[in-house]
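Student: The structure is given below, and queries will be raised subsequently.
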Amino acid sequence: MREEILTFIEKNSRVDLKELAVMLGVDEASVANEMAQMEKENIICGYHTMIDWSKTSTEKVTALIEVRVTPQRGQGFDHIAERIYKYPEVQSVYLISGGYDLMVILEGKTLRQVSQFVSDKLSTLDSVLSTATHFILKKYKDHGTILDTPEKDERMLVTP
1085 MREEILTFIE KNSRVDLKEL AVMLGVDEAS VANEMAQMEK ENIICGYHTM
1135 IDWSKTSTEK VTALIEVRVT PQRGQGFDHI AERIYKYPEV QSVYLISGGY
1185 DLMVILEGKT LRQVSQFVSD KLSTLDSVLS TATHFILKKY KDHGTILDTP
1235 EKDERMLVTP
């Protein structure tokens, strides 16, 4: 039952418990108890609302920053990752494979604000060897949800 609950709520965390119980063929109390247990075990770590900020008047800039670091003896990448994720601007930090070690996702109000964060805070950390910053210009799909809706062609068809 756990995997089924997780599959449903990953796509829609606002699903009604009663509706979820019906879909799974169990009672509502069982679903509520299972979800509470998964929250306690940190399997369910939080609930989020996805917002397409480009459709609001709020300006936000999102950047993906690849970071090459020197791992700490006995701590690997964990210590530097923790130092980075404690900054409030940082949305996510991932250990990745390839030419860089960490992927940092952060949000700011302007390109300048993001660039300053990288140069003043991130690049100055002792273990950081180099960074590469990529700004997100447009989101087409995010967390499995398509954000880009193609415009309908409203032109009249003309035939000879």
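Residue numbers (our numbering): 1085 to 1244.
The beta carbon of each residue, even a glycine, is placed where N, CA and C say it ideally should be.
All of these numbers come straight from a predicted model, not from anything done at the bench.
(1) Does DSSP classify Leu1186 as helix, strand or coil?
(2) What's the call for Phe1201, buried or exposed, on a 16-neighbour Cβ count within 10 Å?
(3) Please confirm if the segment 1114 to 1130 is in contact with the segment 1149 to 1160, defined as three or more CB-CB distances below 8 Å between the two stretches.
(4) Is the beta carbon of Ile1168 closer than 8 Å to that of Glu1195?
(5) For the candidate residues Met1240, Tyr1171, Val1242 and Lys1193, whose alpha-carbon lies nearest to that of Ile1220?
(6) Take Ile1164 and list the residues in its own chain whose beta-carbon comes closer than 6 Å to its own, dropping the five residues that flank it on each side.
(7) Residues in its own chain within less than 7 Å of Asp1209 by CB, not counting five upstream and five downstream?
(8) Out of Met1085, Lys1205 and Lys1139, which one is the CA nearest neighbour of Thr1215?
(9) Can you tell me which residues form a DSSP beta bridge with Phe1219?
(10) For Val1177 and Ile1135, what's the separation of their Cα atoms in angstroms?
(11) With burial defined as no fewer than 16 other Cβ atoms inside 10 Å of the residue's Cβ, what is the status of Ala1147: buried or exposed?
(12) List the endpoints of the continuous alpha helix (DSSP H) containing Leu1231.
(13) What does Arg1152 pair with, by DSSP beta-bridge criteria?
(14) Assuming Leu1108 and Glu1088 form a contact by the criterion Cβ under 8 Å, report the distance between their Cβ atoms to the nearest whole angstrom.
(15) Out of curiosity, what's the CA-to-CA distance linking Thr1133 and Asp1237?
(16) For Ser1114, I'd like the list of residues in its chain whose CB is within less than 8 Å of its CB, leaving aside the five on either flank, ordered along the chain.
Tutor: Short version:
(1) Of the three classes helix, strand and coil, the one that applies to Leu1186 here is strand, per DSSP.
(2) Only buried fits Phe1201, as 16 or more other CB atoms lie within 10 angstroms of its CB.
(3) Fewer than three Cβ pairs drawn from the segment 1114 to 1130 and the segment 1149 to 1160 lie within less than 8 Å of each other, which leaves the two stretches out of contact.
(4) Reading the sequence as shown, one finds Leu at residue 1195 and not Glu. A distance of 8 Å or more separates the beta carbons of Leu1195 and Ile1168.
(5) Among Met1240, Tyr1171, Val1242 and Lys1193, the Cα nearest to that of Ile1220 is on Lys1193.
(6) Val1153 and Ser1211, listed in sequence order.
(7) The identity of residue 1209 in the sequence shown is Leu, whereas the question assumes Asp. The beta carbon of Leu1209 sits closer than 7 Å to the beta carbons of Ile1164 and Arg1167 from its chain, once the five residues preceding and following it are set aside; these are given in chain order.
(8) Looking at the Cα atoms, Lys1205 is the closest of the given residues.
(9) Answer by DSSP bridge pairing, in chain order: Ala1147.
(10) Those two C-alpha atoms are separated by around 20 Å.
(11) The residue is buried, with at least 16 neighbouring Cβ atoms inside 10 Å.
(12) Here Leu1231 belongs to no alpha helix (DSSP H), and DSSP marks it neither H nor E.
(13) Looking at the DSSP assignment, Arg1152 forms a beta bridge with Ser1214.
(14) About 6 Å; that satisfies the 8 Å criterion.
(15) Per the coordinates, the alpha-carbon of Thr1133 lies some 31 Å from the alpha-carbon of Asp1237.
(16) Excluding five sequence positions before and after Ser1114, the CB atoms of its chain that fall closer than 8 Å to its own CB belong to Met1085 and Ala1105, given in chain order.
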